[in-house]
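Structure first, then comments.
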Amino acid sequence: MNKKLTIQDILTMKKNGEKVSMLTAYDASFAGIIDATGIEMVLVGDSLGMVLLGYNSTVPVTMEEMLHHCRAASKGVKRALLVGDMPFMSYQVSESEAITNAGRFLKEAGCDAVKLEGGTEVCDTVKAMVRAGISVMGHIGLTPQTASQLGGYKVQGKDADSARKLLQSARDLEAAGAFSIVLECIPAELAEVITKAVSIPTIGIGAGKHCDGQVLVTHDMVGMFEKFTPSFVKQYVNLAPQIKEAVATYFEEVKNGSFPSEEHSFNMQLDVKNLLDE
Ligand code: KIV
196 MNKKLTIQDI
206 LTMKKNGEKV
216 SMLTAYDASF
226 AGIIDATGIE
236 MVLVGDSLGM
246 VLLGYNSTVP
256 VTMEEMLHHC
266 RAASKGVKRA
276 LLVGDMPFMS
286 YQVSESEAIT
296 NAGRFLKEAG
306 CDAVKLEGGT
316 EVCDTVKAMV
326 RAGISVMGHI
336 GLTPQTASQL
346 GGYKVQGKDA
356 DSARKLLQSA
366 RDLEAAGAFS
376 IVLECIPAEL
386 AEVITKAVSI
396 PTIGIGAGKH
406 CDGQVLVTHD
416 MVGMFEKFTP
426 SFVKQYVNLA
436 PQIKEAVATY
446 FEEVKNGSFP
456 SEEHSFNMQL
466 DVKNLLDE
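If you read the sequence shown in the numbering used here, its first letter stands for residue 196, the second for the next number, and so on.
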């Protein structure tokens with residue numbers, strides 16, 4: 196249970212028909228809680244731009260922001276494979292810049308692998324990164340960094356032509372050396388076909404039950420991101436109202452003096468009353 200998982204372990208899970216689970220984490224505390232459950236992969240997603248940093252999309256997220264949070268998450272992860280998400284424009288400009296940036300996730304931030312968005316069009320870059328010794332997870336379907344080119348945050352691959360392109364992208368990513376592929380917001384039937392067509396694990400988010408694994412943004416599934424919840428998210432607990440209630444009670448108790456009580460104070464019977472007279 197405590198042995199650090201490897202890329203090979205994740206590939207073997209598909210061969211054995213064992214489902215792969217992945218969740219996002221952006222700091223040591225969450226990463227530690229998630230890791231302790233046995234979840235196989237922790238993703239430091241660029242979704243942190245929206246759920247932590249308050250941006251309206253993932254586009255503004257920088258390399259430095261990603262590395263900062265990857266470094267923190269890596270402190271909490273002992274067993275899971277830690278995947279760092281490459282932010283927009285960190286891998287598109289040139290192959291050499293992509294390798295340099297991907298390498299920083301491994302060398303400076305403790306990640307085991309990186310993820311990048313895109314299909315056939317990023318495969319030369321993926322090949323170059325894998326050749327350089329970097330493990331790469333692909334991400335096709337709804338790719339949030341380029342959502343504006345896709346007509347917004349919409350289900351992708353709904354017609355035969357775009358479904359065919361997504362299938363080809365998955366095959367190309369496998370051929371380029373990717374070790375797994377996130378399938379985001381595509382019809383369940385198409386995800387099933389893609390999953391059967393490749394020998395690397397597909398990790399679905401809004402892509403139905405036939406994928407080899409599943410991923411969710413942790414803040415969505417625990418109810419800590421209130422701006423919106425995509426329809427494919429199952430909320431396992433709704434923490435925001437509980438946190439608000441706790442904070443409101445604290446606020447009231449500070450105001451009325453009932454916090455801190457004796458129990459939460461250090462009372463040591465010190466004779467300090469006449470300190471003021473000295
Ligand atoms: O940024 C992210 O959290 C992701 C997952 C939703 C797959 O890319």
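Glycine is no exception: its CB is placed at the ideal position from the N, C-alpha and C atoms.
Can you determine whether any heavy atom of the ligand KIV sits closer than 8 Å to the C-beta of residue i, and answer yes or no?
i    : result
H334 : yes
D222 : no
L276 : no
P339 : yes
V412 : yes
S192 : The structure shown has nothing for residue 192, since the chain only spans 196 to 473.
E379 : yes
D466 : no
I389 : no
D307 : no
T219 : yes
I400 : yes
T253 : yes
K404 : no
K302 : no
D280 : yes
K429 : no
K209 : no
L361 : no
K349 : no
Roughly how many angstroms separate the alpha carbons of residue i and residue j, rounded to a whole number?
i    : j    : result
A293 : V246 : 25 Å
S291 : S460 : 57 Å
Q437 : V467 : 40 Å
D222 : G333 : 23 Å
V215 : M463 : 53 Å
L277 : P339 : 21 Å
M419 : A441 : 14 Å
F454 : K439 : 17 Å
G352 : L301 : 33 Å
R274 : N469 : 56 Å
P425 : G401 : 9 Å
L337 : F446 : 42 Å
M203 : V254 : The question names Met, but residue 203 is Gln in the sequence shown. The straight-line gap from Cα to Cα measures roughly 32 Å.
V331 : K422 : 31 Å
D415 : T341 : 21 Å
I389 : Q363 : 9 Å
T444 : E457 : 18 Å
D241 : E473 : 58 Å
Can you tell me which of the options puts its alpha carbon nearest to the alpha carbon of residue i?
i    : options                : result
I395 : R366, L385, G418       : R366
Q430 : V412, G399, D307, A231 : V412
M281 : V272, E260, A323       : E260
E369 : V321, Q351, S343, A383 : V321
S357 : A220, I329, A386       : A386
M258 : A392, D472, V309, Q363 : V309
L434 : S426, G212, V417       : V417
S224 : G271, G305, M324       : G271
G233 : T341, L200, Y250, P255 : L200
T219 : S289, M236, I335, L465 : M236
I335 : A323, V325, I329, C318 : C318
R359 : I329, A371, S343, A392 : A392
M284 : M208, N211, V256       : V256
Counting only runs that start and end within the region 277-356, where is the alpha helix (DSSP H) found for 4 or more residues in a row? 290-302, 318-326
Whole runs of the alpha helix (DSSP H) within the region 222-265, excluding any shorter than 4 residues: 223-232, 243-246
Touching or not, the region 340-353 and the region 290-308, by the rule of three or more beta carbon pairs under 8 Å? no
Which parts of the region 385-426 are runs of the alpha helix (DSSP H), unbroken and 4 residues or longer, counting only runs that do not cross its ends? 413-416
Okay, do the region 374-382 and the region 398-413 touch, 3+ Cβ pairs below 8 Å being the bar? yes
I'd like to know if the region 301-317 and the region 220-230 are in contact, where contact means that at least 3 CB-CB pairs between them fall below 8 Å. no
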